[in-house]
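Enquirer: Sharing a structure here in structure tokens format.
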Amino acid sequence: ETGVTQTPRHLVMGMTNKKSLKCEQHLGHNAMYWYKQSAKKPLELMFVYNFKEQTENNSVPSRFSPECPNSSHLFLHLHTLQPEDSALYLCASSQAQGEGNQPQHFGDGTRLSIL
Amino acid sequence: AQSVAQPEDQVNVAEGNPLTVKCTYSVSGNPYLFWYVQYPNRGLQFLLKYITGDNLVKGSYGFEAEFNKSQTSFHLKKPSALVSDSALYFCAVRDMNSGGYQKVTFGTGTKLQVIP
Chain X
63 ETGVTQTPRH LVMGMTNKKS LKCEQHLGHN AMYWYKQSAK KPLELMFVYN
113 FKEQTENNSV PSRFSPECPN SSHLFLHLHT LQPEDSALYL CASSQAQGEG
163 NQPQHFGDGT RLSIL
Chain Y
366 AQSVAQPEDQ VNVAEGNPLT VKCTYSVSGN PYLFWYVQYP NRGLQFLLKY
416 ITGDNLVKGS YGFEAEFNKS QTSFHLKKPS ALVSDSALYF CAVRDMNSGG
466 YQKVTFGTGT KLQVIP
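Protein sequence lines correspond, in order, to chains X and Y.
For the first sequence, the residue numbers in the working numbering are 63 to 177.
For the second sequence, the residue numbers in the working numbering are 366 to 481.
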């Protein structure tokens, strides 16, 4: 139990579908992150939120839309995805990013497959 | 700019032998350094970190890492490998002197295979 819960664990969707990934943390952290992990590629940081405000968007296509309604919850809304978007999507949380010596705590990810 | 390199895609070691997973980094200031482990179908788990002080850092599951400033390295070590240590290991760095919301940079990962 890492304190960071991601749902669903697996998701299969067509390119025209709309779905959302959910992340919830019970650690009292103020920063939350979305990462994309693809086979044989480095871990890609997508978005960062600190105190509910988006502080980083790493040139992510607009078909990915994040939402952070409070410091404990993070969503990734998906629409009109492409086959190359198939990957493991990891959520993480930490103390606010300015506290740079604190580790990130990761959820177990959502395995996304685009048909 | 900051970067981290893990030069080995895979490391194979016999059970009971010592293991080393290599990591080198580049930052303009002083580094915060981290090691994470990822088991199959799981997220990354924090193992240990170097902030300041002793160059030898001890972490979870019997792992340790040695900070070497002159060689800009932070290699992960364990005296006696277990089959259950087989996993993907990530090194990460953040520049201590950068302010604001400076992100952490992760390495590409090293797959550790412990052979029974």
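The C-beta atom is built at its ideal place from N, Cα and C for all residues, glycine as well.
Note that the structure is a prediction, hence the values are computed from the model and not measured.
For the beta strand (DSSP E) containing lysine 442 of chain Y, name the first residue and the last one.
Expert: The sequence position of residue 442 of chain Y within the second sequence is 77, counting from 1. Segment 438-443, the beta strand (DSSP E) holding lysine 442 of chain Y.
Enquirer: Classify phenylalanine 109 of chain X: buried if its beta carbon has 16 or more other beta carbons within 10 angstroms, exposed otherwise.
Expert: For the purposes of this step, residue 109 of chain X is taken as the residue at position 47 of the first sequence. That one is buried.
Enquirer: Reducing DSSP to helix, strand and coil, say where glutamate 129 of chain X ends up.
Expert: Residue 129 of chain X sits at position 67 when you count from the first residue of the first sequence. Glutamate 129 of chain X falls in the strand class under three-state DSSP.
Enquirer: Closest by CA to glutamine 478 of chain Y, which one among Y/Asn382, Y/Lys434, Y/Pro396?
Expert: Walking along the second sequence from the start, residue 478 of chain Y turns up at place 113. Considering only alpha carbons, the answer is Y/Asn382.
Enquirer: Under 9 Å, CB to CB, which of the residues in the segment 136-153 of chain X have a partner in chain Y?
Expert: Those residues of the segment 136-153 of chain X that come within reach of chain Y (Cβ to Cβ, closer than 9 Å) are Leu150, Leu152, Cys153.
Enquirer: For glycine 418 of chain Y and chain X, any beta-carbon pair shorter than 7 Å?
Expert: Counting from one through the second sequence, the residue named residue 418 of chain Y turns up at place 53. Cβ-Cβ to chain X under 7 Å: no for glycine 418 of chain Y.
Enquirer: Count the other CB atoms, across all protein chains shown, that sit within 10 Å of the CB of aspartate 419 of chain Y; report buried if there are 16 or more and exposed otherwise.
Expert: Start at 1 with the first residue of the second sequence, and residue 419 of chain Y comes out as number 54. Aspartate 419 of chain Y should be labelled exposed.
Enquirer: How would you label serine 155 of chain X, buried or exposed, when you count the other beta carbons within 10 angstroms and need 16 or more for buried?
Expert: Translated into the one-based positions of the first sequence, residue 155 of chain X becomes position 93. It is buried - the Cβ of serine 155 of chain X has at least 16 other Cβ atoms within 10 Å.
Enquirer: Can you tell me which of X/Gln164, X/Pro123, X/His139 puts its alpha carbon nearest to the alpha carbon of leucine 73 of chain X?
Expert: What you label residue 73 of chain X is simply residue 11 of the first sequence in a count that begins at 1. The candidate whose alpha carbon is nearest that of leucine 73 of chain X is X/His139.
Enquirer: Assign asparagine 147 of chain X to one of two classes, buried (16 or more other C-beta atoms within 10 Å of its C-beta) or exposed (fewer than that).
Expert: Counted from its first residue, the first sequence places residue 147 of chain X at position 85. The amino acid occupying residue 147 of chain X in the given sequence is aspartate; asparagine does not appear at that position. So aspartate 147 of chain X counts as buried.
Enquirer: In this structure, what does DSSP give as the bridge partners for proline 396 of chain Y?
Expert: The count along the second sequence starts at 1 and reaches residue 396 of chain Y at position 31. In the DSSP output, where bridge partners are listed per residue, proline 396 of chain Y has Y/Asp460.
Enquirer: Run down chain Y in chain order and give the residues with a C-beta less than 8 Å from the C-beta of threonine 64 of chain X.
Expert: Counting from one through the first sequence, the residue named residue 64 of chain X turns up at place 2. Result: Gly408, Gln410.
Enquirer: Out of curiosity, what's the CA-to-CA distance linking lysine 443 of chain Y and glutamate 431 of chain Y?
Expert: Within the second sequence, numbered from 1, the residue matching residue 443 of chain Y stands at position 78. Within the second sequence, numbered from 1, the residue matching residue 431 of chain Y stands at position 66. Their Cα atoms are separated by approximately 11 Å.
Enquirer: Out of curiosity, what's the CA-to-CA distance linking cysteine 85 of chain X and proline 131 of chain X?
Expert: Along the first sequence, one-based indexing puts residue 85 of chain X at 23. Along the first sequence, one-based indexing puts residue 131 of chain X at 69. Distance between the alpha carbons of cysteine 85 of chain X and proline 131 of chain X: 11 Å.
Enquirer: Report yes or no: do the segment 392-411 of chain Y and the segment 452-463 of chain Y share at least 3 C-beta pairs separated by less than 8 Å?
Expert: Touching, per the Cβ criterion.
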